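Order-wise, the sequence lines are chains A and B. Numbering that gives the first Met the number 0 puts the first residue of the first sequence at 0, with every later residue one more than the last. Numbering that gives the first Met the number 0 puts the first residue of the second sequence at 0, with every later residue one more than the last. Ideal placement from N, C-alpha and C gives every residue a C-beta, glycine not left out. As the structure is a computational prediction, the values presented were derived from the model and not from experiment.
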Amino acid sequence: MRFSVLMFALLLAILTSLTLGSAAIPLADVFAAITGGDVTDIRRTIVLDIRLPRILLAILVGGGIAASGAAIQGLFRNPLADPALIGVSSGAALCAALYLVLGAALLPGLTASAFVGGLLTTWLVLEIGRRGGTISAMLLAGIAINALAIAGIGLLSYVSTDVQLRSVTFWALGSLGGADWYSVAVALIIPIAILFLFAERHKLNAITLGDQEAAYLGISVPRLRIRIVVFTALAVSIGVALTGVIAFIGLVVPHLVRMTMGSTHQVVIPASAILGGLLLLIADTLSRTVFAPAEVPVGILTALLGGPFFILLIMRQKGKLGI
Amino acid sequence: MSLVLHSVSFEVDGTQLLDQVSVDIKPACITALIGPNGAGKTTLLRIASGELAAKGVMLDDQPISDCSLESRARRVAFLTQSSALDFPFTGLEVMHMGRIPHLTGALHDRRVVEEVVDKCDLGNLSKRIYTTLSGGEKQRIQIGRVLCQVWDDLESAYVLFDEPTAALDLAHQLTFFNIIQMLRDRGAAVVVVLHDINLASKFADQICVLASGQVLATGSPGEVITSSNIGKAFGVSIDTLGSPERPVIQVRATL
């Protein structure tokens, strides 16, 4: 697999996704809508204001989750880490829900709350894991914090009004249904966070050798840890604020990349970003077309597909997990 | 140019791991550290590398703690007993990690790695996936990585190996010693923790015997490998055979 193949597949998926939906729009009209050609107003609106922002949001959010998954797996030295599994996503969702129920539903405040939530939970997981002494301790801490965050969201749903409840449930499931150009604009922070992660590619390679070995290679591991945590929390939390919790993309995608393109983070980070965007776009397109005009939240779909894949991975580890 | 441990003591939670240890790690010299389990050999290496902070460690007459992490990494390389690496990198990619502290450009890095691959006969292993290699093969790649880290400037380099030969077969043990002799001949200071006293005697220029956190003896193999020293350190009775400069030990049947 090469980057050119990935980019081509992404382009193909974008075009296909633009034509598909409860109203099928031929490719010629899609082009006409984008280039300002001759097309009915309703089709122009569907393509430009409904499908295009949703597609871009899917690519940005999926890319952010997958690139963060790749970085977190490197940092945790464990190929089974995932932003949703270790509680980053649910921590972000909890703080987003807190803000929704207790504060005003203003998007920048919401995004900031999600970011703080993501940051706090990742930090907690790392800190507990460090005291536990092993990587497994970190993963287990993640599971515990994940459960706590989900319980917190559950509690909030009891004290929330009906309108708030709908939004809170939305965060737990994950959906791109709310996409508009404003959310795409907010999501543009995600590629910046991915760039920052990419800048740490060599250090991420070194840390897979072990913390001690990384230090012998001149890397200040505690500082690297902080940077990775901040950048991944940023990429994931913005995704969560805009679309809710989308599981398994961050786990599955870096794996597919490592299996086909190699393990250096020079490749894994950017390729995960593209493939993550591609997969979330495909999943979202499926979620809005299979039962059209009804829509399945895309988080359910990624969990349905990712769950079995995860089980397969665990079985293939053959005692290497060390838990 | 020197790395000197002057009367270094180190304790963790009230346990004295090193007690007034003095070792002079000289350039162009192979120093072997021997001693029973728990004698403090690994701790000594970790202190010499600057990872564990202790008073009395001087790199070129300056406390090693004054050196930045990056500049230290360009001069001091350390191969630990085991690495956690569990991602399917190729051998070559693992060796490239040794170039991380350097800002010498991709072209130069590639040339360094190629030279090390060539010198250490890693051509085949370097193309394979690290996680599929055997323990000894992994170790050979890791040795290669450590060499890549200091290859440009061996004259000012300190290369520390913690039990590097434990997983290696006989032929590759010999290859390893040929490699560190080459490092020494090019001016590097090599420190190697060994369990095989005969290998230490055969290849080291200086041997340091550690027991219970103290230096029992330091000197040439002929000076250090005596039945009295080995008896005190390991509690084992031995006879020395062979040349007086590089004696061979034979263990007596009973303690």
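| query | Which residue's Cα is closest to the Cα of residue 324/A: 143/A, 164/A, 190/A? | reply | Absent from the model: residue 324/A. The displayed extent of chain A is 0 to 322, so no value can be given.
| request: Let me know the secondary structure DSSP gives residue 315/A once reduced to three states. | output: helix
| said: Along the chain, where does the beta strand (DSSP E) containing residue 248/B start, and where does it finish? | reply: 247–250
| message | Within a Cβ cutoff of 8 Å, which residues of the same chain sit near residue 56/A, ignoring the five residues on either side of it in sequence? | response | 175, 178, 182, 183, 186, 241, 242
| request: Over the uninterrupted alpha helix (DSSP H) stretch that includes residue 211/A, give me the two end residues. | output: 210–215
| message | Give me the chain D residues within the contact set of residue 219/A, using Cβ-Cβ distance strictly less than 7 Å, ordered along the chain. | response | Given the protein chain composition of this structure (A and B), no chain D is represented.
| field | Close Cβ partners of residue 33/A (< 6 Å) along its chain, the five nearest in sequence each way excluded | value | none
| field | Nearest neighbour of residue 36/B, chosen from 228/B, 210/B, 57/B, 107/B [CA to CA] | value | 210/B
| Is the region 153–165 of chain B touching the region 71–91 of chain B in the sense that three or more CB pairs, one from each, lie closer than 8 Å? | yes
| message | For the alpha helix (DSSP H) containing residue 184/B, name the first residue and the last one. | response | 169–184
| request: Taking residue 68/B and residue 67/A to be in contact with their CB atoms under 8 Å, please state how far apart those CB atoms are, rounded to whole angstroms. | output: Not really, about 26 Å apart at Cβ, beyond 8 Å.
| query | For residue 22/B, which residues from the same chain have a beta carbon less than 6 Å from its beta carbon, with the 5 sequence-adjacent residues on both sides left out? | reply | 4, 207
| query | For residue 149/B versus residue 187/B, is the C-beta distance shorter than 8 Å? | reply | yes
| task | May I ask you to report which of helix, strand or coil DSSP gives residue 216/B? | result | strand
| Can residue 199/A and residue 226/A be called in contact, C-beta distance under 8 Å? | yes
| With burial defined as no fewer than 16 other Cβ atoms inside 10 Å of the residue's Cβ, what is the status of residue 233/A: buried or exposed? | buried
| task | Hey, could you find the ends of the beta strand (DSSP E) residue 30/B is sitting in? | result | 28–33
| query | For residue 84/B and chain A, any beta-carbon pair shorter than 8 Å? | reply | yes
| said: Could you compute how far the alpha carbon of residue 190/B sits from the alpha carbon of residue 269/A? | reply: 40 Å
| query | Between the C-alpha atoms of residue 42/B and residue 17/B, what's the straight-line distance to the nearest angstrom? | reply | 8 Å
| field | Segment contact flag, the region 248–265 of chain A with the region 295–313 of chain A, C-beta cutoff 8 Å, min 3 pairs | value | yes
| field | Which residues DSSP lists as bridging residue 207/B, in chain order | value | 32/B, 217/B
| At least 3 beta-carbon pairs within less than 8 Å: the region 121–132 of chain A vs the region 200–213 of chain A | no
| Whole-number beta carbon distance between residue 193/A and residue 237/A, since they are thought to touch under 8 Å | That pair is no contact at about 11 Å.
| task | Pick helix, strand or coil for residue 150/A, following the three-state DSSP scheme. | result | helix
| For residue 10/B, which residues does DSSP report across the bridge? | 15/B
| task | State the CB to CB distance for the pair residue 32/B and residue 40/B, rounded to an integer number of angstroms; the pair is presumed to be in contact (CB under 8 Å). | result | 5 Å
| request: Quick one: which residues of the region 66–78 of chain A get their C-beta closer than 9 Å to a C-beta of chain B? List them in chain order. | output: 72, 73, 76, 77, 78
| message | According to DSSP, is residue 254/A part of a helix, a strand, or is it coil? | response | helix
| request: Identify, in the order they occur along the chain, each residue of the same chain with its Cβ nearer than 6 Å to the Cβ of residue 97/B, setting aside the five sequence neighbours on each side. | output: 144, 147, 148
| message | At the level of alpha carbons, what is the spacing between residue 239/A and residue 92/A? | response | 6 Å
| task | Report back the beta-carbon spacing between residue 271/A and residue 80/A to the nearest angstrom; my notes put them in contact at under 8 Å. | result | Rounded, the Cβ-Cβ distance is 13 Å, inconsistent with contact.
| task | Could you tell me whether any Cβ in chain B is nearer than 8 Å to the Cβ of residue 211/A? | result | yes
| query | Using a C-beta cutoff of 8 Å, does residue 84/A count as contacting chain B? | reply | no
| Span separating the alpha-carbon of residue 44/B from that of residue 54/B | 14 Å
| task | Decide if residue 26/A is buried, meaning its Cβ has at least 16 other Cβ atoms within 10 Å, or exposed. | result | exposed
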